[in-house]
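Student: If you read the protein sequences in the order shown, they are chains A and B.
For the first sequence, our numbering gives the first residue as 1, with consecutive numbering after it.
For the second sequence, our numbering gives the first residue as 1, with consecutive numbering after it.
By construction, the Cβ of each residue, glycine as well, lies at the ideal position given by its N, Cα and C atoms.
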Amino acid sequence: MIFEWKNTWKMKSTLTKYIILILTIVLSACTPDSESGLSGQLLFQDQPLAAAQVEIYLKADKDRSVQPFVVATTDAEGRYNISLPEGLYFVIGKKRESTNDNRTRMLMAESPANPHQVAEGMTQVATFNLREMGREGLPMADASTGVSGQITHKGEPVARAFVYIYTETETGLIGPSYGEAVQTDQDGRFTINLPAGQYSLVARKRADGGRSGVLSPGDLNAQYPANPVEVRSGERLHLGDFHLTGVDAEVYARRQAEGVFTKTDTMLHGQVIDADGQPVSKVYVFAYLDSRMVGKPVYMSVPTAADGEFELYLSSGGTYYVGARSAFGGPLEPGEWVGTFDAQPDHSITVVRGAKDDLGQITVREFW
Amino acid sequence: MRLFLCIILAMFWSIPAAALVVDKDTLWTGEQSFSEDVRVLPGVTLTIAPGSVVRFTDARLEIAGQLVANNVEFSGENWDGLILKGSDAATQLSDCIIKGAATGILVQGGAPILERLTLSGNKVGIALRGKAAGRVANCRFIANRKVGLFLKDDSTTAVVDCYFAENSRYGAYLYHARPQAFQGNTFVNNATGLMIAYHGTDPEVNDNRFEKNDIAIQVDRAARPVLRNNLLRDNQTGFHIYRRSDPLLTGNRIEGNVVGLLVAYSSYPEIEGNDFVANQTALKLEFQSSAWEALRGAAARAGETSSRSAFGGQGKRSVSEDDRRARRLDGTVNAKGNWWGDVGTAELVNIGTAGNPSFIHDGRDQATFVDAGEDFPLDKVVHVPWSDVPFTESKP
């Protein structure tokens with residue numbers, strides 16, 4: 001009896017499953033089949049970001065001279081769900097908000113996985129963090145707020161010197177992690193528009209007139225003695241004279257021996273080789289936050305030595321896009337070595353703060 | 001002479017030297033050896049006496065001031081070379097030998113005078129960048145491992161009466177540079193004698209001689225130079241006009257080459273007033289089709305124009321498709337008004353204006369080529385009218 005009851009129950013259960021399945025198919029067939037689009041979640045400092053703006057563009061940054069194709073707003077969980085026809089889209093998250101200290105800040109980031117292909121159904125965009133502009137990226141200029149001053153050396157104004165604005169100090173105010181750089185005028189004067197915030201300033205004048213590159217004796221250099229400076233909204237902070245000193249040969253030699261960049265506890269290392277597997281010297285390794293790997297990298301290594309080995313120090317964890325070049329600054333030129341970290345198709349690696357990750361070998365080729 | 005010779009190092013034998021910053025006017029004589037970088041500070045002049053020999057090991061000589069060197073040999077092991085940072089005409093190197101460096105002389109801006117130098121066995125003989133000016137004259141670039149002379153970054157340095165031989169990749173490479181003069185130079189036995197590449201590289205190259213190179217002159221990637229009065233003789237390929245390049249070729253003597261002029265991949269040069277003499281093939285078209293260009297040219301270049309990243313492989317500067325678009329796509333390459341040599345002219349007279357000259361390879365010899373499974377018509381060369389008389393004189 002029990003057996004029969006069980007068997008009857010099993011039959012009923014099976015029948016119920018079929019009915020549910022058929023209903024599911026019928027109901028799903030009733031939903032619009034044009035429901036395609038993008039969904040995802042925005043974060044800030046790893047927390048869901050509500051009421052943020054999600055902008056959908058049809059073109060990459062270079063060509064983005066038009067209004068967004070679609071704009072949506074994240075819900076209380078930072079989530080968004082945007083219906084879109086099939087196509088290729090670029091996703092940007094933005095939020096302008098006031099902080100507890102009445103400071104207005106702009107949060108922004110592009111989806112690291114841009115562009116996104118939308119076909120049938122909803123395409124999931126990987127969750128990404130927005131960054132505060134002016135603190136973690138390029139400052140958003142505010143015409144009424146900023147700093148000004150004059151660069152001098154031995155009492156004389158220094159024309160065409162570069163003044164760099166750093167928003168983070170972990171890497172020792174060295175390298176490409178600066179947010180802004182301006183050149184002084186013929187009288188050595190400079191003016192930089194900035195959003196309110198705290199900044200560290202460095203000024204440099206290279207003998208060859210360059211904006212970037214390792215300083216050597218004969219170049220002029222100084223950190224602003226009152227670093228960091230606090231810039232308040234609506235305030236134009238006059239820094240006065242900012243005195244440069246010549247790069248000291250002994251300091252230079254010691255720095256070369258110790259390593260140009262400040263060593264942090266988060267680091268990528270590996271080896272740069274050519275197509276024949278031979279180590280390539282004098283190649284820099286760069287880390288970008290932008291998946292397109294355009295513009296200024298956030299971190300760079302010193303050039304590889306004869307063994308091709310490199311160490312790339314980072315100030316924090318995150319997802320970085322890694323490439324290698326024998327020159328820095330400016331687009332690729334004939335005669336350069338160039339290559340990318342290729343363990344992932346998008347050249348990315350996700351780093352945990354405090355970790356030292358081995359990237360293995362990065363293969364470079366000569367570009368002509 | 002207002003030179004202050006504050007430190008005189010009169011050495012007659014080689015001794016290793018430590019890291020050195022030259023902060024006073026200095027004279028070197030005899031044999032010098034350095035295993036660490038030497039830097040000459042701004043406002044300071046380093047003079048190296050004739051007959052001196054200077055060697056570097058894992059090091060470089062960096063001049064932010066001035067360097068005066070006559071009849072000096074610079075060499076070393078794993079050494080970077082001489083770096084001239086913003087040096088003006090007070091920096092003069094003459095009759096020196098620079099060998100075995102990564103870059104024999106790297107000029108970063110300024111206007112130094114470099115005369116009668118021999119650059120050999122370097123990876124790059126001389127690189128001029130950062131809007132360098134000045135003059136490179138009567139120099140010899142021999143067997144450098146990559147490039148004899150590299151001009152970049154809007155440099156305008158005059159290059160005259162130099163000799164380029166057996167450089168592994170390029171005798172000279174012009175990249176976004178427009179020399180005040182590029183003439184009187186001789187290129188022999190280089191893989192490519194002269195490379196002129198990328199949109200925006202539009203120099204005038206006049207009165208040079210190219211002999212026994214694999215390629216005498218290559219014009220590539222939408223460059224538009226003027227190539228005038230050059231002699232191209234006994235090369236595998238004389239002119240190689242490649243990838244949407246539209247140079248003007250006029251007054252050149254193209255003689256005894258396997259292929260005198262090779263035009264490929266949607267390039268539309270203007271070819272007029274040249275002499276083609278005793279080449280196996282005077283003019284050859286290869287993968288050259290107005291139909292292909294109209295259908296696929298822009299798309300084939302789209303990847304390059306849309307990328308701004310060094311890691312995307314694009315060359316310097318953003319170039320729009322309109323910059324590189326072919327202005328005339330009528331299925332022809334214009335080569336009117338050239339002289340095709342005595343033999344060629346006799347053939348033209350014989351076959352008439354509608355004939356198919358044996359010394360031109362074009363759509364009359366090969367109707368189509370295949371790209372991605374599709375046939376495209378090969379362009380035709382317009383050679384009528386031709387000149388009955390030469391424009392140039394035979395040279396020894």
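(1) Consider the Cβ of arginine 317 of chain B: report whether some Cβ of chain A lies at a distance smaller than 8 Å.
(2) Report the neighbours of glycine 179 of chain A on chain B: residues whose CB is nearer than 8 Å to its CB, in chain order.
(3) From arginine 96 of chain A to serine 245 of chain B, what does the alpha carbon distance come to, in whole angstroms?
(4) With 7 Å as the limit, tell me which residues of the region 190–224 of chain A have their beta carbon closer than that to any beta carbon of chain B; keep them in chain order.
(5) Taking CB distances under 8 Å as the criterion, tell me whether phenylalanine 150 of chain B reaches chain A.
(6) Can you list the residues of chain B that alanine 249 of chain A reaches, using a CB-CB cut of under 9 Å?
(7) Can you pull the chain A neighbours of proline 42 of chain B, defined as C-beta to C-beta under 7 Å?
(8) Can you name, in chain order, every residue of its own chain whose Cβ lies under 6 Å from the Cβ of valine 68 of chain B, other than the five neighbours on each side?
(9) Do leucine 38 of chain A and leucine 84 of chain A come within 8 Å of each other at the CB atom, strictly closer than that value?
(10) Give every residue of the same chain whose Cβ lies closer than 6 Å to the Cβ of asparagine 185 of chain B, excluding the five residues on either side of it in the sequence, and list them in chain order.
(11) Verify whether the separation of the beta carbon atoms of glutamine 361 of chain A and glycine 213 of chain A is less than 8 Å.
(12) Between glycine 234 of chain A and chain B, is there a C-beta pair that is closer than 8 Å?
(13) Using CA atoms only, rank isn't needed, just tell me which of A:Tyr321, A:Gly317, A:Val202, A:Leu312 is closest to valine 147 of chain A.
(14) Determine, for valine 147 of chain B, whether the minimum Cβ-Cβ distance to residues of chain A falls below 8 Å.
(15) Please identify, using Cβ separations under 7 Å, the residues of the region 287–321 of chain A that lie next to chain B, in order along the chain.
(16) Give a yes or no on whether the C-beta atoms belonging to leucine 82 of chain B and isoleucine 63 of chain B are separated by under 8 Å.
(17) Could you pull the start and end residues of the beta strand (DSSP E) that isoleucine 83 of chain B belongs to?
(18) For threonine 31 of chain A, which residues from the same chain have a beta carbon less than 8 Å from its beta carbon, with the 5 sequence-adjacent residues on both sides left out?
(19) Secondary structure at glutamate 286 of chain B, three-state DSSP: helix, strand or coil?
(20) To test your reading of the DSSP string, which unbroken alpha helix (DSSP H) runs of 4 or more residues are found completely within the region 320–356 of chain B?
(21) Please work out which residues of its chain come closer than 6 Å, Cβ to Cβ, to glycine 297 of chain B, disregarding the five sequence neighbours upstream and downstream, and give them in chain order.
(22) By alpha-carbon positions, which one of B:Ala89, B:Ile351, B:Ala90, B:Leu128 ends up nearest to isoleucine 105 of chain B?
(23) Say whether chain A places a C-beta atom closer than 8 Å to the C-beta of glutamine 66 of chain B.
(24) Between the Cα of proline 101 of chain B and those of B:Leu249, B:Leu117, B:Glu77, spot the shortest distance and give me the residue it belongs to.
(25) Could you check whether arginine 39 of chain B and proline 217 of chain A sit closer than 8 Å to each other, using their CB atoms as the reference points?
(26) In the DSSP assignment, what are the bridge partners of aspartate 241 of chain A?
(27) I'd like to know whether the C-beta atoms of arginine 211 of chain A and glycine 329 of chain A end up nearer to each other than 8 Å.
(28) Taking Cβ to Cβ, would you say glycine 256 of chain B is nearer than 8 Å to alanine 278 of chain B?
(29) Can you tell which of B:Ser35, B:Leu41, B:Pro42, B:Gly65 has the C-alpha that lies nearest to the C-alpha of valine 54 of chain B?
(30) Just the chain A side, please: which residues come within less than 7 Å of glycine 86 of chain B by C-beta, in chain order?
(31) 8 Å is my cut-off, CB to CB: does phenylalanine 335 of chain A come that close to chain B?
(32) I want to verify the contact list: residues of chain A whose CB lies under 9 Å from the CB of glutamate 77 of chain B, in sequence order.
(33) Please name the residue, chosen from A:Ala343, A:Arg365, A:Ile165, that lies closest to leucine 359 of chain A on a Cα-to-Cα basis.
(34) When the cut-off is 8 Å and only beta carbons count, does alanine 137 of chain B lie next to chain A?
(35) Please report the Cβ distance between aspartate 323 of chain B and alanine 222 of chain B, rounded to the nearest whole angstrom; I am assuming they are in contact, meaning their Cβ atoms lie under 8 Å.
(36) Select from B:Lys131, B:Asp153, B:Gly171 the residue whose C-alpha is nearest the C-alpha of serine 120 of chain B.
Tutor: Per the coordinate set shown:
(1) Translated into positions along the second sequence, residue 317 of chain B becomes position 317. Only weak support exists for where arginine 317 of chain B lies, its pLDDT of 48 falling under 50; the value from the coordinates is given anyway. For arginine 317 of chain B, the answer is yes, since a Cβ of chain A falls inside 8 Å of its Cβ.
(2) By one-based count along the first sequence, residue 179 of chain A stands at place 179. Within chain B, no residue comes near glycine 179 of chain A; the closest Cβ sits about 20 Å away, beyond 8 Å.
(3) Walking along the first sequence from the start, residue 96 of chain A turns up at place 96. Walking along the second sequence from the start, residue 245 of chain B turns up at place 245. Computed Cα separation, rounded: 49 Å.
(4) Those residues of the region 190–224 of chain A placed with their C-beta closer than 7 Å to a C-beta in chain B are Ala207, Asp208, Gly209, Ser216, Pro217, Gly218, ordered along the chain.
(5) Along the second sequence, one-based indexing puts residue 150 of chain B at 150. Yes - at least one Cβ of chain A is within 8 Å of the one on phenylalanine 150 of chain B.
(6) Locating residue 249 of chain A in the first sequence gives position 249, counting from the first residue. Residues of chain B passing the Cβ test: Ala19, Leu20, Val21, Asp23, Arg39.
(7) Counting from 1 along the second sequence, the entry for residue 42 of chain B is found at position 42. Below the 7 Å Cβ cutoff, chain A contributes Ala207, Gly218 as neighbours of proline 42 of chain B, in chain order.
(8) Looking up residue 68 of chain B in the second sequence gives position 68. Around valine 68 of chain B: Thr47, Gln92.
(9) The residue labelled residue 84 of chain A in the question sits at position 84 within the first sequence. The residue labelled residue 38 of chain A in the question sits at position 38 within the first sequence. Yes, the Cβ-Cβ distance between leucine 84 of chain A and leucine 38 of chain A is below 8 Å.
(10) Taking the second sequence and counting its residues from 1, the one referred to as residue 185 of chain B is at position 185. Same-chain partners within the cutoff: Cys162, Asn208.
(11) Counting from 1 along the first sequence, the entry for residue 361 of chain A is found at position 361. Counting from 1 along the first sequence, the entry for residue 213 of chain A is found at position 213. Contact check for glutamine 361 of chain A against glycine 213 of chain A fails: the beta carbons are separated by 8 Å or more.
(12) By one-based count along the first sequence, residue 234 of chain A stands at place 234. No, its Cβ sits nowhere closer than 8 Å to a Cβ of chain B.
(13) Counted from its first residue, the first sequence places residue 147 of chain A at position 147. Of A:Tyr321, A:Gly317, A:Val202, A:Leu312, the residue nearest in Cα terms is A:Val202.
(14) The residue given as residue 147 of chain B occupies position 147 in the second sequence. Cβ-Cβ to chain A under 8 Å: yes for valine 147 of chain B.
(15) Arg292, Met293, Val294
(16) Along the second sequence, one-based indexing puts residue 82 of chain B at 82. Along the second sequence, one-based indexing puts residue 63 of chain B at 63. In contact: leucine 82 of chain B and isoleucine 63 of chain B (Cβ atoms closer than 8 Å).
(17) Taking the second sequence and counting its residues from 1, one reaches residue 83 of chain B at position 83. Segment 81–85, the beta strand (DSSP E) holding isoleucine 83 of chain B.
(18) Translated into the one-based positions of the first sequence, residue 31 of chain A becomes position 31. Below a pLDDT of 50, predicted positions are generally treated as unreliable, and threonine 31 of chain A, at 37, falls in that range; the measurement from the model is reported next regardless. Excluding residues within five positions, none has a Cβ falling inside 8 Å.
(19) Here residue 286 of chain B corresponds to residue number 286 of the second sequence, with the count starting at 1. In the structure shown, glutamate 286 of chain B falls within a strand segment according to DSSP collapsed to helix, strand and coil.
(20) The qualifying runs are 321–324, 341–351.
(21) Translated into the one-based positions of the second sequence, residue 297 of chain B becomes position 297. Cβ contact annotation for glycine 297 of chain B (same chain, cutoff 6 Å, sequence separation greater than five): Ser266, in chain order.
(22) Start at 1 with the first residue of the second sequence, and residue 105 of chain B comes out as number 105. Here the closest residue by C-alpha is B:Leu128.
(23) Working through the second sequence from its first residue, we reach residue 66 of chain B at position 66. Any Cβ of chain A closer than 8 Å to the Cβ of glutamine 66 of chain B would place that residue at the interface, and such an atom is absent.
(24) Stepping through the second sequence from its first residue, residue 101 of chain B is reached at position 101. In the sequence as displayed, the identity of residue 101 of chain B is alanine instead of proline. Among B:Leu249, B:Leu117, B:Glu77, the Cα nearest to that of alanine 101 of chain B is on B:Glu77.
(25) Within the first sequence, the letter at position 217 stands for residue 217 of chain A. Within the second sequence, the letter at position 39 stands for residue 39 of chain B. Their beta carbons are under 8 Å apart, which means proline 217 of chain A touches arginine 39 of chain B by this criterion.
(26) Within the first sequence, residue 241 of chain A is the residue found at index 241, counting from 1. Bridge partners of aspartate 241 of chain A: A:Gln150.
(27) Within the first sequence, the letter at position 211 stands for residue 211 of chain A. Within the first sequence, the letter at position 329 stands for residue 329 of chain A. Result yes, Cβ atoms of arginine 211 of chain A and glycine 329 of chain A sit closer than 8 Å.
(28) In the second sequence, residue 256 of chain B corresponds to position 256, counting from 1. In the second sequence, residue 278 of chain B corresponds to position 278, counting from 1. A contact, by the Cβ cut-off of 8 Å.
(29) Residue numbering aside, residue 54 of chain B sits at position 54 when the second sequence is read from its first letter. Of the candidates B:Ser35, B:Leu41, B:Pro42, B:Gly65, the residue whose Cα lies closest to the Cα of valine 54 of chain B is B:Ser35.
(30) By 1-based counting over the second sequence, the position of residue 86 of chain B is 86. Simply Ala207, Asp208, Gly209.
(31) Indexing the first sequence from 1 puts residue 335 of chain A at position 335. It should be pointed out that residue 335 of chain A corresponds to glycine in this sequence rather than to phenylalanine. Answer yes: the Cβ-Cβ gap between glycine 335 of chain A and chain B drops below 8 Å somewhere.
(32) Locating residue 77 of chain B in the second sequence gives position 77, counting from the first residue. Residues of chain A passing the Cβ test: none, with the nearest at roughly 12 Å.
(33) The count along the first sequence starts at 1 and reaches residue 359 of chain A at position 359. Measuring C-alpha to C-alpha distances from leucine 359 of chain A to each of A:Ala343, A:Arg365, A:Ile165 identifies A:Ala343 as the nearest.
(34) On the second sequence, position 137 is the one that residue 137 of chain B refers to. Alanine 137 of chain B does not count as touching chain A.
(35) Locating residue 323 of chain B in the second sequence gives position 323, where the first residue counts as 1. Locating residue 222 of chain B in the second sequence gives position 222, where the first residue counts as 1. Confirmed, about 7 Å.
(36) What you label residue 120 of chain B is simply residue 120 of the second sequence in a count that begins at 1. Answer by Cα proximity: B:Gly171.
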